[in-house]
Amino acid sequence: MAAKLKKGDKVVVLAGKDKGKQGEIASVNPSAGKAIVEGVNIAIRHTKQSQSNQGGRIPQPMPIQLSNLALLDANGKATRVGFKIEDGKKVRVAKTTGDVI
């Protein structure tokens, strides 16, 4: 199945402790159905100091369920994603505006 959300997409969080926050997708794990969004779902990881990096409490974004994310359209509002065939290619389309993503 084609991916509705991809790396680099601007999204808004629909549910959870970070509801309403916006960010850009850093990575997607389709098999787990999760994505890592910059600045959202931050957890503190305690890391030991090593030769290459400083230890301490390091904030790190954790994966968030894809069902809790919605794509932002050109107007900056949350939208669902549909698919359409254009020139023999399958393209993603915003349901609210009908624009090709």
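Letter by letter, the sequence shown follows residues 1 to 101 in full-length UniProt numbering. Built from N, CA and C at the ideal position, the CB exists for glycine as well.
Inter-residue Cα distance where the pair is residue i and residue j
i, j, result
"PRO63", "ASP9", "15 Å"
"VAL81", "LYS48", "42 Å"
"ALA35", "ASP87", "30 Å"
"GLY16", "ASN68", "8 Å"
DSSP beta-bridge partners of residue i
i, result
"LYS48", "According to DSSP, which records beta bridges pairwise, LYS48 is partnered with nothing at all."
"VAL40", "Bridge partners of VAL40: none, in fact."
"GLN67", "The amino acid occupying residue 67 in the given sequence is Ser; Gln does not appear at that position. DSSP lists no partner for SER67."
"GLN60", "ALA43"
Residue nearest to residue i in terms of C-alpha spacing, selected from the options
i, options, result
"GLY33", "ALA70, LEU66, LEU71, ASN41", "LEU66"
"GLY23", "ASN75, SER31, VAL12, LYS17", "VAL12"
Buried/exposed call for residue i, threshold 16 Cβ in 10 Å
i, result
"VAL37", "buried"
"THR79", "buried"
"ASN53", "exposed"
Residue i Cβ short of 8 Å to the ligand GTP heavy atom set
i, result
"LYS95", "Summarising the ligand content, the structure contains no ligands, and the ligand GTP is consequently not present."
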